[in-house]
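Enquirer: Have a look at this one.
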DNA sequence: ATGTGC
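In the working numbering, the protein residues as written are 1 to 473.
Here you go:
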């Protein structure tokens, strides 16, 4: 693909072939070879062919090839345009929540960290296909969950109302309709609420090792040396089934509206069509489910800490700093226009003062949460006014550099163990985690710096992992 | 990502 440098760390993907608009890709010189190393630019060009797409389609510095839109892609569409399940992703509202504590990380030795990991694992099922431990309650409130999101589980006793004001969209996307969700998805979803999943999903005990902006960090409740907990999970089999159902269903739907599909992965329907409205309503169910999932896991983590530490919750802390979606399509106002912004492996990052910030973060901009790999740092960022050019979006992580199978082929046990250093992890079998090895990911520092150097985002704090809980059989 | 290949 033809790519033109248009500034420091910025590249234009000019209109070529059937592209309706151009693309804009952020990459440092070192990341550029990764960007060119797979089909992600081709996939971005395909997205630029869809009806109603708004200039530009974007590639974040963590971009890599995915199903339909590349992971690390942003596609905004006007009201006359299309909605695409493949441009949201398989794991609808895969996202990250950060919890703060009142505790110094340095007072946690390895045996105590191990105890905490064991207790968290006892309360939060991890691994593919696992069923939740609160099935009695969650089956009963399942319908409320898909319509009300995190609020439904707070009402059921998981967490407190203050948590809700620190979740993107207050933990609930309007417009959900369970009638648009298949029985299969409902079955899988009602069993899996309150579970972590596998792959890149994790619960991490972290230490804030650097504060870059003390004033904003204080507003976020963060300080150097602090123990934090990060949760990365999504809508489990529920969102996966919804994505599968609609990306298949929209393949025959698209031509009925005269849409030429550039790829099956970008199957889509007009937003204002029966098929498009159905997907949006089903997607909103999964978005709300994922917010509720992270809310239940938060309550479980609080319980684990109280049990292990023998302290009162108010002395531990574990308040929500923020909760962001990484895979979502949302109606937002940009430049006076109402757009459906598809973010797939991208994080909304609003600047200080933006009216769409939650009231508690109106003055600072909300925290944008960006996890690294299991052996490297995670970041708390905020957006700047310049991020208007990316529809107020930043990267969502480090981004893969090796596919899961390539990681299994090329990374040795010794290399993996060396890269983890002193960091504790729950998986005993190297084969179970090799696809998540730090070597399979880009350098998070390079990825974040790419956007910071442009001025699209600012660093607020950096956390280093102390103990990582991953999906386990 | 995923009751992990159609």
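A virtual CB, placed ideally from N, CA and C, is assigned to each residue, including glycine.
Once the 5 residues before and after residue 451 are set aside, which same chain residues still bring their CB inside 7 Å of it?
Expert: The residues are 26, 61, 394, 395, 457.
Enquirer: Between which two residues does the alpha helix (DSSP H) carrying residue 138 extend?
Expert: Start and end: 135-148.
Enquirer: What does the Cβ neighbour count give for residue 6, buried or exposed, with the cut at 16 atoms within 10 Å?
Expert: With fewer than 16 other Cβ atoms within 10 Å, it is exposed.
Enquirer: Can you tell me which of 146, 135, 247, 183 puts its alpha carbon nearest to the alpha carbon of residue 263?
Expert: Taking only the C-alpha atoms, the option nearest residue 263 is 247.
Enquirer: Report the residue ranges of all alpha helix (DSSP H) runs contained in full by the stretch 200-256; include only those spanning at least 4 residues, in chain order.
Expert: Runs of the alpha helix (DSSP H) inside the stretch 200-256: 214-220, 236-256.
Enquirer: Which stretch, first to last residue, makes up the beta strand (DSSP E) that contains residue 167?
Expert: Counting along the chain, residue 167 falls outside any beta strand (DSSP E), and DSSP gives it neither H nor E.
Enquirer: Spell out the partners DSSP gives residue 5 in its beta bridges.
Expert: Residue 5 pairs with 11.
Enquirer: Are the stretch 370-388 and the stretch 337-354 touching by the rule of at least three beta carbon pairs closer than 8 Å?
Expert: In short, these stretches touch, since the Cβ pair count reaches three.
Enquirer: Once the 5 residues before and after residue 21 are set aside, which same chain residues still bring their CB inside 8 Å of it?
Expert: Answer for residue 21: 15, 48, 53, 54, 55, 56, 57, listed in chain order.
Enquirer: What ranges does the alpha helix (DSSP H) occupy inside the stretch 389-460, keeping only unbroken runs of at least 4 residues that lie completely in it?
Expert: Runs of the alpha helix (DSSP H) inside the stretch 389-460: 404-410, 413-420, 430-433, 444-454.
Enquirer: Within this structure, are the beta carbons of residue 81 and residue 68 separated by less than 8 Å?
Expert: No. Outside cutoff.
Enquirer: So what's residue 273 in DSSP terms, helix, strand or just coil?
Expert: In this structure, residue 273 counts as coil in the three-state DSSP scheme.
Enquirer: For the beta strand (DSSP E) that contains residue 61, what are its first and last residues?
Expert: 57-64 is the extent of the beta strand (DSSP E) around residue 61.
Enquirer: Is the CB-CB distance between residue 430 and residue 442 below 8 Å?
Expert: No, Cβ-Cβ distance for residue 430 and residue 442 is not below 8 Å.
Enquirer: Between residue 302 and residue 259, what straight-line distance do the alpha-carbon atoms span, to the nearest angstrom?
Expert: About 49 Å.
Enquirer: Tell me which residue opens and which closes the alpha helix (DSSP H) that residue 46 is part of.
Expert: 40-47 is the span of the alpha helix (DSSP H), which, as asked, contains residue 46.
Enquirer: Residue 96 and residue 339: beta carbons closer than 8 Å?
Expert: Going by C-beta atoms, residue 96 is not nearer than 8 Å to residue 339.
Enquirer: For the pair the stretch 308-320 and the stretch 182-199, tell me if three or more CB-CB distances fall below 8 Å.
Expert: The stretch 308-320 is not in contact with the stretch 182-199.
Enquirer: Give a yes or no on contact between the stretch 271-288 and the stretch 318-334, applying the rule of three or more CB pairs nearer than 8 Å.
Expert: The stretch 271-288 vs the stretch 318-334: in contact.
Enquirer: Just tell me which of 19, 275, 79, 90 has its CA closest to the CA of residue 240.
Expert: Of 19, 275, 79, 90, the residue nearest in Cα terms is 90.
Enquirer: How would you label residue 253, buried or exposed, when you count the other beta carbons within 10 angstroms and need 16 or more for buried?
Expert: Buried: at least 16 other Cβ atoms inside 10 Å.
Enquirer: Based on DSSP bridge pairs, tell me the residues matched to residue 28.
Expert: Answer is none; residue 28 lacks a bridge partner.
Enquirer: Start and end of the beta strand (DSSP E) containing residue 339?
Expert: Unbroken beta strand (DSSP E) run through residue 339: 337-344.
Enquirer: Nearest to residue 156 by CA position, among 165, 28, 194, 187, is which residue?
Expert: Ranking 165, 28, 194, 187 by Cα distance to residue 156 puts 194 first.
Enquirer: Give me the DSSP bridge partner(s) of residue 319.
Expert: Residue 319 pairs with 100.
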